[in-house]
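**Q**
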Amino acid sequence: MPKTPNLRLDGLTPADESSAEAESDIALWDDLFGTLAEHHTPDAKHSFFVIHDGSATWGIPGAPQFIALHISRDLTARTVRIEQANQPTVPFAQLWLAGRGCPPDAVQLPDEAHSEPADALTTHIERQIRHSGDRYEIKDHYTHDSEPYETWVMVRDSDPRAVDLPVRIFLEEADLDAFTYTLREGAFRDGTSANQWLFDRDTPLPEPPEHLVSADRRTRAALARSTTGQLATTASVPAPPVGPAPSAGAPSHRRGSRS
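Just so you know, the numbering used here puts 1391 at position 92 of the sequence shown, and the rest follows in order with no gaps.
#1: Per DSSP, what kind of secondary structure is E1316 in: helix, strand or coil?
#2: DSSP beta-bridge partners for P1416?
#3: DSSP three-state call for Q1427: helix, strand or coil?
#4: Going by the beta-carbon positions, is the gap between E1484 and H1510 smaller than 8 Å?
#5: In the DSSP assignment, find the beta strand (DSSP E) that holds Q1393 and state where it starts and stops.
#6: Can you tell which of D1456, K1344, V1389 has its C-alpha closest to the C-alpha of Q1407?
#7: Please identify the residue among A1392, L1470, S1492 whose C-alpha is closest to the C-alpha of L1335.
#8: Just the C-alpha distance for D1410 and D1404, rounded to the nearest angstrom, thanks.
#9: Runs of 3 residues minimum, wholly inside the stretch 1427-1453: which ones carry the beta strand (DSSP E) assignment?
#10: Does the Cβ-Cβ distance between K1344 and S1371 come in under 8 Å?
#11: Roughly how many angstroms lie between the CA atoms of T1303 and P1508, to the nearest whole one?
#12: Just to confirm before moving on: does the CB-CB distance between A1362 and Q1383 stay below 8 Å?
#13: Cα separation between H1430 and Q1364?
#14: Roughly how many angstroms lie between the CA atoms of R1557 and P1447, to the nearest whole one?
#15: With three or more beta-carbon pairs closer than 8 Å as the criterion, would you say the stretch 1373-1380 touches the stretch 1304-1312?
#16: Closer than 8 Å by C-beta to D1352: which residues in its own chain qualify, once you throw out the five before and the five after it? Chain order, please.
#17: Could you give the residue range of the alpha helix (DSSP H) that holds D1499?
#18: D1474 and A1417 look like a contact to me (Cβ under 8 Å); what is the Cβ gap, rounded to whole Å?
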């Protein structure tokens, strides 16, 4: 189970009103807050947290269930500044923290503390978000914490490759029986078409062209490796001895084709 956040604030005074409010909020709801990942700089001046907010279940429907928290300490003045932001998914919480100086991969969730990515594409897209810098601007999001268990995040993508399909939807779906989840990215011309897809769900989530190109490259690389291996295997088989052709009544031994 996630542990209650230890913010390491002993002997420190909030540097401003917003930090004081953040400290009070965390103290008030600490029994519903659970630390999923944390990183502390060696000089003790900065701490970064990804926190699960259990209180979101009882709040506004669709509310985000994660908090990204950055603590900055002035050890000489004995003051502390606390920044926090509600985030719809863990990768976007990690991205927010990265924008405040946290190494993007320093606050990954430990394997034993959460459900596992169901496939390599999920892991790839999560890393893509963590390392995206200021590429994505969140426009909307929704967390559905009952069947179907899913969270979607709509963003505007400023990457030059996305100029024709700049609106992206990241759809995370959980399988509570298998304790796994998938994350997929969809590409749209505008917010209207993205919202229409979310409402209808009558077609698969349209993959961005760059994913299709990457998949094609992976397929061609796999085929190339397979062909190379087949050629090497064929070359290593000695040629059959030359002999008389089988008589008309003898069976012909041929390698059957695979369907």
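The beta carbon of each residue, even a glycine, is placed where N, CA and C say it ideally should be. A quick note: this is a predicted structure, and the numbers were derived from the prediction, not measured.
**A** This is what the structure holds:
#1: Residue numbering aside, residue 1316 sits at position 17 when the sequence shown is read from its first letter. In this structure, E1316 counts as helix in the three-state DSSP scheme.
#2: Along the sequence shown, read from residue 1 onward, the residue named residue 1416 stands at position 117. Partner(s): Y1480.
#3: Mapped onto the sequence shown, residue 1427 falls at position 128. Reduced to three states, the DSSP call for Q1427 is helix.
#4: Counting from one through the sequence shown, the residue named residue 1484 turns up at place 185. Counting from one through the sequence shown, the residue named residue 1510 turns up at place 211. Their beta carbons are under 8 Å apart, which means E1484 touches H1510 by this criterion.
#5: Taking the sequence shown and counting its residues from 1, the one referred to as residue 1393 is at position 94. Counting along the chain, Q1393 falls outside any beta strand (DSSP E), though it belongs to the alpha helix (DSSP H) covering 1389-1397.
#6: Taking the first residue of the sequence shown as position 1, residue 1407 is located at position 108. Checking every option, the nearest Cα to that of Q1407 belongs to V1389.
#7: Here residue 1335 is taken as the residue at index 36 of the sequence shown, counted from 1. Per the C-alpha coordinates, the member of A1392, L1470, S1492 positioned closest to L1335 is A1392.
#8: Within the sequence shown, residue 1410 is the residue found at index 111, counting from 1. Within the sequence shown, residue 1404 is the residue found at index 105, counting from 1. D1410 and D1404: Cα-Cα distance of roughly 14 Å.
#9: You should have 1435-1443.
#10: Mapped onto the sequence shown, residue 1344 falls at position 45. Mapped onto the sequence shown, residue 1371 falls at position 72. Contact check for K1344 against S1371 passes: the beta carbons are separated by less than 8 Å.
#11: Taking the first residue of the sequence shown as position 1, residue 1303 is located at position 4. Taking the first residue of the sequence shown as position 1, residue 1508 is located at position 209. T1303 and P1508: Cα-Cα distance of roughly 42 Å.
#12: The count along the sequence shown starts at 1 and reaches residue 1362 at position 63. The count along the sequence shown starts at 1 and reaches residue 1383 at position 84. No. Outside cutoff.
#13: In the sequence shown, residue 1430 corresponds to position 131, counting from 1. In the sequence shown, residue 1364 corresponds to position 65, counting from 1. Rounded to the nearest angstrom, the two C-alpha atoms are 21 Å apart.
#14: Within the sequence shown, numbered from 1, the residue matching residue 1557 stands at position 258. Within the sequence shown, numbered from 1, the residue matching residue 1447 stands at position 148. With a pLDDT of 34 at R1557, under the threshold of 50, the predicted position of this residue should be treated as unreliable, and no value is reported.
#15: The stretch 1373-1380 vs the stretch 1304-1312: in contact.
#16: Numbered from its first residue, the sequence shown carries residue 1352 at position 53. Cβ-Cβ distances below 8 Å link D1352 to W1328, L1331, F1332, P1363, Q1364, F1365, I1366, N1385 in the same chain, with the five nearest sequence neighbours on each side left out; the list follows chain order.
#17: As a position in the sequence shown, residue 1499 is number 200, starting the count at 1. First-last of the alpha helix (DSSP H) with D1499: 1490-1499.
#18: For the purposes of this step, residue 1474 is taken as residue 175 along the sequence shown, with counting starting at 1. For the purposes of this step, residue 1417 is taken as residue 118 along the sequence shown, with counting starting at 1. Confirmed, about 7 Å.
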